[in-house]
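One structure is given here, and the rest of the page talks about it.
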Amino acid sequence: VREMRARAIEAVKPWIQLLGDRRQCPEVRKAMEVLLRETREEYESTLEMKTAKAEVVQELQDRASQQEWMIRQLVDVVEILEDALLCTPSVPVDLELFFADVLAQPVSEELRTRSVSCLRVLSRCGAAARRALNTLGVACGSDSAAEEADVTLEMPDMEGASMPLGSFPLHLGRPETEEAQTSPGSATAAATPTSPLEEDEVLEETEGEADEDAAAEEEPRRGGYVGGTAVASQAVPARTSAEAQGQSEGPGGHDRDPAGTGTAAPTSPLDKVPFGEKGLIVAQSFRKVAVLLSFLEVFGGTISRHSNGKGLCQPMLCWHVGGFPARLAAHALAANSITKRKQLQLAAAWPWERCGQEACRDELRALKKYDSAEAGPCSLGYFTGFFDAEGCLCHLGGARLSLQVKQKFPTVLQCLREFLAENYGCVHLYGYKTHSALSVSRTSICKEVLRAMLSSGLICKAEQAKLAIGLTPQNSLPVRLALGEQVGNQSFGRRLDEDGLERARKIQSAMSRATVLKDQGRLMEADTKLQQVQLMKGKHKLLNALRENEQLRQYIGNIRALQSHTDQPLFSVGKLWAL
DNA sequence: AGAGTTCCCATGGACCGGCA
DNA sequence: TGCCGGTCCATGGGAACTCT
């Protein structure tokens with residue numbers, strides 16, 4: 001890359017030298033445009049080649065590993081079913097009478113709901129098993145009433161049994177079915193049910209969501225973002241409600257820490273399945289731990305320390321999940337991803353053989369190097385989540401606001417722009433040297449978008465959004481201060497105070513005046529004005545530097561003062577941390 | 001006031017080595 | 001083999017600035 005860059009610089013140099021002669025400018029410009037067009041074409045061509053290669057590699061890997069994967073899945077499923085009491089030839093209890101009799105008595109509404117849910121699962125499983133036997137041409141032995149009565153079911157074990165059964169679709173339904181691969185543009189390809197059982201599960205899931213959020217939003221299923229729980233509703237049907245309440249599961253389930261301390265001890269054999277090197281990882285500053293807790297709640301895994309706080313860097317925490325749960329999480333997340341869909345699909349289908357893993361590792365690295373995003377329709381939920389993670393709410397002084405989202409590659413920003421333009425109007429997408437940026441610079445639209453995002457479940461930036469919506473010329477300064485409290489330390493000491501804003505306004509005003517004078521042909525006066533501007537800018541810079549220096553001294557003093565008052569490691573106190 | 005650009009550096013992701 | 005701690009550095013969050 002360095003060599004190519006050096007060659008490109010050398011190629012352009014003669015043209016830059018030509019610019020010394022103004023008469024050559026049009027020719028240079030024409031030449032540069034040709035060069036730019038050629039470079040863009042080359043870039044596009046390279047990306048296409050990489051994408052094509054990635055798809056071929058993935059397909060080959062899938063075909064090679066799919067058979068073994070499915071056989072392993074079958075072994076796991078059979079073992080689970082054999083271990084469950086459903087297959088135990090113990091005392092026969094008539095299921096119908098048992099449930100009917102017990103539920104006819106006064107029981108809590110919650111237990112009744114869970115019981116009905118379990119019966120529905122059993123009913124669907126029975127229907128699916130019957131269809132499978134028919135397909136295989138094997139006689140359906142359970143048709144007789146006598147055999148049906150042989151099934152033993154004890155309530156305490158229902159929870160243990162329901163977890164693996166409820167997870168079946170995710171275990172069996174690999175996202176990389178050939179159908180999904182041949183239609184990468186399809187936004188729902190990876191979520192398309194591939195078996196009757198899976199289809200049933202998806203249907204139930206959708207019904208559940210509809211019940212809960214019918215009035216809240218009428219969005220396509222893709223990209224829901226109702227905090228962390230939206231992912232749960234899409235990814236892990238049925239089982240999350242019990243887990244979220246910290247209820248322990250029976251044998252075969254996840255023995256999640258009921259206190260919610262962020263530790264998870266895998267007890268299921270499925271959890272021991274190796275996955276990649278580390279599985280999935282999300283790191284966040286400790287202030288955004290709510291996001292990590294959502295991941296923990298939905299996908300299991302562990303939250304641990306990522307890095308210590310040091311200086312102006314905040315302490316970081318990270319959520320990670322490995323083994324089989326990581327595959328499930330990757331599978332579920334892939335269906336709703338634009339930027340990382342290919343990476344997640346790769347992770348969900350991580351091969352078992354060492355040689356295959358090496359190829360996948362290379363492929364994963366490659367996917368991160370170029371714009372491997374898959375464009376797809378974007379919803380309010382998706383935009384909310386994306387903005388919560390990557391967006392920036394900027395106060396421009398006075399009552400003005402802007403919203404920004406930056407990304408290295410533009411594909412996902414184009415999807416977001418289409419969504420915003422369609423629903424809210426004016427939005428801009430800029431391409432810069434190092435990145436692309438989506439910008440909403442009209443204050444009224446900013447507020448409208450913020451309101452919509454708040455209703456859609458904004459988490460990390462919810463407080464900022466509320467403050468910004470209430471921004472007026474009268475409360476500009478307090479709101480600015482409050483907004484400053486909500487953000488990280490990237491701009492520590494550099495945020496302009498009241499005086500700084502006033503100076504910036506005066507500089508702006510003087511520059512505008514100079515332009516007017518120049519346009520009127522009053523060149524001497526314009527020149528004098530510009531000299532004043534230069535002086536004002538110098539003073540502005542100096543005062544800003546002094547203020548930053550003062551804030552840093554104050555910061556250091558606060559840390560020293562805290563350290564002298566305690567022998568314990570310091571944790572956050574306002575904006576201070578020194579672990 | 002809005003559109004467009006650039007700068008600074010904390011944040012977040014990747015990776016590596018030690019250890020159990 | 002997986003977990004964990006530590007480090008590196010590209011990315012992007014936040015803001016200011018310029019121009020219209």
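Everything in the first sequence is counted per full-length UniProt numbering, starting at 1 for the first residue and increasing by one.
Note that the Cβ used here is the ideal one computed from N, Cα and C, for glycine as well.
Quantities reported herein were computed from a predicted structural model and do not represent experimental measurements.
Of Leu-18, Arg-130, Leu-312, Phe-299, the smallest CA-CA separation from Ile-556 is found for Leu-312. Minimum Cα-Cα distance from Ala-373 among the listed residues Leu-416, Tyr-424, Glu-463 corresponds to Leu-416. Contact check for Lys-288 against Leu-393 fails: the beta carbons are separated by 9 Å or more. By the CB criterion at 9 Å, Val-405 and Cys-426 fall outside the cutoff.
Taking Phe-383 as reference, the option from Leu-438, Val-298, Trp-350, Gln-345 with the minimal CA-CA separation is Leu-438. Of the candidates Arg-305, Ala-332, Gln-407, Arg-305 places its Cα closest to the Cα of His-320. Distance from Leu-328 to Leu-344 at the Cβ level is roughly 11 Å; contact not present, criterion being Cβ atoms closer than 8 Å. A direct Cα-to-Cα measurement between Phe-386 and Glu-33 gives close to 34 Å. Within its own chain, the residues whose Cβ lies closer than 7 Å to the Cβ of Ala-514, once the five positions on either side in sequence are excluded, are Ala-526, Lys-529, Leu-530, Val-533, listed in chain order.
Taking a cut-off of 8 Å for Cβ pairs, the region 278 to 297 and the region 463 to 477 do not touch, as fewer than three such pairs fall below it.
Comparing C-alpha distances from Ala-11 to each of Arg-23, Val-28, Gly-20, Arg-22 shows the shortest one belongs to Val-28. Excluding sequence positions up to five before and after Gly-397, its CB lies within less than 6 Å of the CB of Leu-501, all in the same chain and listed in chain order. If you check the CB distance, Lys-408 and His-428 do not come in under 9 Å. For the set Ser-402, Val-291, Ala-128, the Cα lying nearest the Cα of Ile-469 is the one of Ser-402. Taking C-beta separations shorter than 8 Å and ignoring five residues to either side along the sequence, Ser-512 has no partners in its chain.
Straight across, the Cα-Cα distance linking Pro-26 with Lys-13 is about 16 Å. For secondary structure counted as the alpha helix (DSSP H) over 4 or more consecutive residues, the region 339 to 414 holds these complete runs in sequence order: 341 to 348, 354 to 369, 380 to 390. Between Val-412 and Ala-375, the C-beta spacing is below 9 Å. Gln-490 is classed as exposed because its beta carbon has fewer than 16 other beta carbons within 10 Å across all chains shown. In the DSSP assignment, Gly-323 falls within the alpha helix (DSSP H) that extends over 323 to 334. Nearest to Ala-421 by alpha-carbon distance, out of Asn-549, Ile-445, Val-138, is Ile-445. About 27 Å separates the beta carbons of Ser-115 and Leu-133, which is beyond the 8 Å limit, so they are not a contact pair. DSSP lists Ala-437 as the bridge partner or partners of Tyr-430. Per DSSP, the unbroken beta strand (DSSP E) holding Leu-280 starts and ends at 280 to 285.
Counting C-beta atoms within 10 angstroms of its own C-beta, Met-524 has fewer than 16 neighbours from the protein chains shown and is therefore classed as exposed.
In the assembly as shown, Ser-455 is an exposed residue. Its beta-carbon has fewer than 16 other beta-carbons within 10 Å.
Judged by DSSP secondary structure, Ile-303 falls within the beta strand (DSSP E) whose first and last residues are 302 to 307.
At the C-beta level, Leu-280 and Ala-347 come within 9 Å of one another. With a minimum length of 3 residues, there is no unbroken run of beta strand (DSSP E) contained wholly in the region 445 to 489. By the Cβ neighbour-count rule, Ser-337 is buried, with 16 or more other Cβ atoms within 10 Å of its own. Separation of Arg-341 and Asn-423 (C-alpha to C-alpha, rounded to the nearest whole angstrom) is 25 Å.
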